[in-house]
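To convert, note that position 105 of the sequence shown is 104 in numbering that gives the first Met the number 0; the numbers rise steadily by one, no gaps.
C-beta atoms are modelled at their ideal positions from N, C-alpha and C, and glycine is treated no differently.
Nothing here was measured: the structure is a model prediction, and the numbers come from that model.
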Amino acid sequence: MESSSVSQTSIISDLVETSNFFPKYHSINNKLKKRFMRSPKVPDASDEFLSLASQCEQKKSWYYAGLCYLAASRCYHKLGNTGSEMNNLVRAGKYFLFVNKENVDVGCPSIGLADFQAASSCFCNITKNNKNKSIHDVIIAGCIIELAQALGPTPDGQELLKKAIKYYPTVQFIDIFISYCLKQDDYTMALNIVTNMINLIEMIGTLSQYYLNFLHKTEVTRLMLILMVQQTSQHFSSALVDVVEKYTGGIVDSVIGAQMSEDEYLALQSLIFACRSHNNQALLEIEGELWKYIDTNQKDFLRTLIQIMIDK
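Put into structure tokens, the structure is as follows:
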């Protein structure tokens with residue numbers, strides 16, 4: 000009975016908020032319409048939309064705040080202010096995604112995932128308007144990642160992550176992509192994206208310390224993925240076999256070797272031998288040895304590899 004009362008109060012509150020919001024919203028919107036002998040007041044409208052957005056934020060009316068920021072972005076588009084247009088599209092998209100998450104969490108997603116589609120539209124507009132401006136790639140990639148995370152480890156989520164990585168490849172984005180692939184048992188796709196990243200980095204030539212660290216991390220991740228694919232697939236390229244042989248043959252690539260201690264190298268070598276001999280007890284011991292050299296995501300990848308070996 001109490002739950003029903005709370006629900007009714009919430010519905011009434013939403014209705015009151017709606018009745019208060021839309022008259023204000025339409026009043027501001029009317030300033031953008033052409034009148035006889037009067038030009039649209041775009042700067043005034045943009046300021047008022049932002050003010051109304053702030054009021055909605057204070058009342059935690061996230062969807063309405065998103066509508067206001069979207070309207071403000073359109074004003075800035077008319078004014079030719081690309082930076083402000085993009086910032087407000089990002090804000091609008093984030094609020095629509097937040098509303099989508101709230102609805103999904105309570106088991107009541109909007110019809111046709113309207114909130115998610117609204118967010119997707121905002122972020123797509125950012126991409127369309129900034130196709131040839133690489134300075135905005137970080138923002139665009141961040142927006143695409145948020146959409147991908149809203150979809151979760153699904154084929155559509157994977158495709159969005161691939162787009163984000165094309166715009167702005169980072170360790171974080173690659174780790175999310177790999178985790179999505181692993182949840183769908185798609186080890187080959189994860190391996191392909193990591194291998195492509197390593198190939199691109201190696202083409203740069205002289206590498207900064209950042210890229211050397213990045214290369215080291217992705218190389219270790221690639222080795223784990225290769226071992227997963229070896230256990231689950233008969234198809235394996237000679238280039239990837241060579242990657243494994245680099246560890247078992249005792250020849251360390253100069254770039255990787257410069258970033259890797261001998262103890263880490265030997266632990267990875269032991270990991271390969273344990274997988275080949277299907278020595279599960281040794282795998283568990285090596286997991287402990289590798290723990291101090293790898294990050295949280297790589298620990299998850301290693302755990303997945305060991306689980307594949309144990310289940311085999």
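- It is roughly 11 Å from the alpha-carbon of L283 to the alpha-carbon of W290.
- V105 counts as exposed, since fewer than 16 other beta carbons sit within 10 angstroms of its beta carbon.
- V240 is the residue among E288, S207, V240 whose C-alpha sits nearest the C-alpha of R221.
- Within a 10 Å sphere around the beta-carbon of S45 sit 16 or more other beta-carbons, which makes this residue buried.
- For L190 against V228, the beta-carbon gap comes to about 6 Å, under 8 Å, which counts as contact.
- Contact annotation: the stretch 106-113 does not touch the stretch 63-77, with fewer than three C-beta pairs closer than 8 Å.
- The three-state secondary structure of G79, taken from DSSP, is coil.
- Counting along the chain, K161 sits inside the alpha helix (DSSP H) bounded by residues 154-166.
- Restricting attention to A147, S236, Q268, T81, the CA atom closest to the CA of N129 is found in T81.
- Scanning its chain for C-beta atoms nearer than 8 Å, with the 5 sequence neighbours on each side dropped, one finds around I175 the residues I144, A147, Q148, L160, in chain order.
- For C107, there is no enclosing alpha helix (DSSP H), as DSSP gives it neither H nor E.
- Using a Cβ distance threshold of 8 Å, S269 and I285 count as a contacting pair.
- CA-CA distance, Y264 to K245, rounds to 10 Å.
- Look at P22 here: in three-state DSSP terms it is helix.
- With a beta-carbon spacing of about 7 Å, L267 and V219 fall inside the 8 Å limit used to define contacts.
- By the neighbour-count definition (other C-beta atoms within 10 Å, threshold 16), K93 is a buried residue.
- G141 is the residue among Y68, G141, V243 whose C-alpha sits nearest the C-alpha of F172.
- The Cβ atoms of Y68 and N87 sit closer than 8 Å to each other.
- With 16 or more other CB atoms across the displayed protein chains lying within 10 angstroms of its CB, I27 is buried.
- Counting C-beta atoms within 10 angstroms of its own C-beta, N29 has fewer than 16 neighbours from the protein chains shown and is therefore classed as exposed.
- Short of 8 Å from the beta carbon of T217, and not among the five residues preceding or following it, lie these beta carbons of its own chain, in chain order: V170, I173, V193, M196, I197, I200.
- Judged by DSSP in its simplified three-state form, I293 adopts coil rather than helix or strand.
- For K298, the closest of S236, L224, N278, V243 by C-alpha to C-alpha distance is L224.
- A residue is called buried when at least 16 other Cβ atoms come within 10 angstroms of its Cβ; R90 meets this threshold and is buried.
- In the three-state reduction of the DSSP assignment, D114 falls in the helix class, which pools H, G and I.
- In terms of Cβ geometry, I138 and M85 form a close pair [threshold 8 Å].
- When secondary structure is reduced to three states using DSSP, Q183 falls in the coil class, being assigned neither helix nor strand.
- Annotation: A52 to K59 spans about 10 Å, alpha carbon to alpha carbon.
- Residue environment analysis places F213 among the buried positions, since at least 16 neighbouring C-beta atoms fall within 10 angstroms of its C-beta.
- Judged by DSSP secondary structure, S237 falls within the alpha helix (DSSP H) whose first and last residues are 237-247.
- Distance from Q230 to I309 at the Cβ level is roughly 11 Å; contact not present, criterion being Cβ atoms closer than 8 Å.
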